[in-house]
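In the numbering used here, the protein residues as written are 39 to 331.
See below for the structure under consideration.
What follows is the structure, encoded as structure tokens:
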């Protein structure tokens, strides 16, 4: 059962013990704190350390009833030595801990609005496996530890740096969502098992990137402009799924008459009258097992 706390400083939070999934085959019962309101200076870590020294999850669910953007000061977070999950969607963040201290936290999952300097510090935990960032550049993945396996980037701000894409080979899953123009480059060795682009205004160079290194399982939905100047049918992948809510994207409808004879061997697309023959598309779920086993 959740208990509510309110301190003299103005800090308001709820706490309860919950079983939290930290991986596909790992879950732990952790002390979970939901911070509802912060003091004016945005500080919370000293009080958390005093009241809940074993806090494992911190989720900022801040009251936004007024027009001001909440300010979150993460300084001192390094003293919360059991912290494994943090979720913080706030544009105003500060972190003044001694460099390197934050990277010693056992963070497994970070969900955050990107703030330069703060996000970079949070994602360097050697235990980090799951990362969700909003408004970050692709380059930030160059700082992530080798344990990282699942990344979701929303409102991607910069994607042209080829070296950032080269870091993707160690991932199992990459999701890019709600972004403008995304320039795709191939990773150094292989694509993550699953790659998805959802609600992207313009997806560029993806065909060329796939010809350098074919995708394994690629999911596309809400792509307004697909790789200008390239043919969708030249895309290389083990399996491509094109999803849509009510009707297929115009670029797929326009390309449909040019589909190759074997298109149904690799393309999954829901049936629609504007895609005659699409009832023949494969509809199996992703099978990400190792075919060599």
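Ideal placement from N, C-alpha and C gives every residue a C-beta, glycine not left out.
- Residue 131: not part of any alpha helix (DSSP H); member of the beta strand (DSSP E) spanning 130–132, first to last residue.
- The Cβ-Cβ distance between residue 77 and residue 49 falls below 8 Å.
- Around the beta carbon of residue 205, a 10 Å sphere encloses 16 or more other beta carbons of the protein chains shown; the residue is thus reported as buried.
- For residue 239, the secondary structure class from DSSP, reduced to helix, strand or coil, is strand.
- Taking 4 residues as the minimum length, the alpha helix (DSSP H) runs contained wholly in the stretch 138–220 are 156–160 and 200–204, in order along the chain.
- Restricting attention to 196, 119, 181 and 189, the CA atom closest to the CA of residue 232 is found in 189.
- With respect to the C-alpha of residue 192, the residue from 219, 64, 43 and 97 having the closest C-alpha is 219.
- Selection 299, 288, 303 and 282 evaluated against residue 309 yields 282 as nearest (Cα-Cα).
- Taking C-beta atoms under 8 Å as the contact rule, residue 89 and residue 69 fail to qualify, at a distance of about 10 Å.
- The secondary-structure analysis by DSSP pairs residue 69 across a beta bridge with 55 and 93.
- The Cβ atoms of residue 130 and residue 156 lie no closer than 8 Å to each other.
- For residue 235 and residue 47, the gap between their C-alpha atoms comes out near 43 Å.
- Under the DSSP definition of a beta bridge, residue 41 partners with 53.
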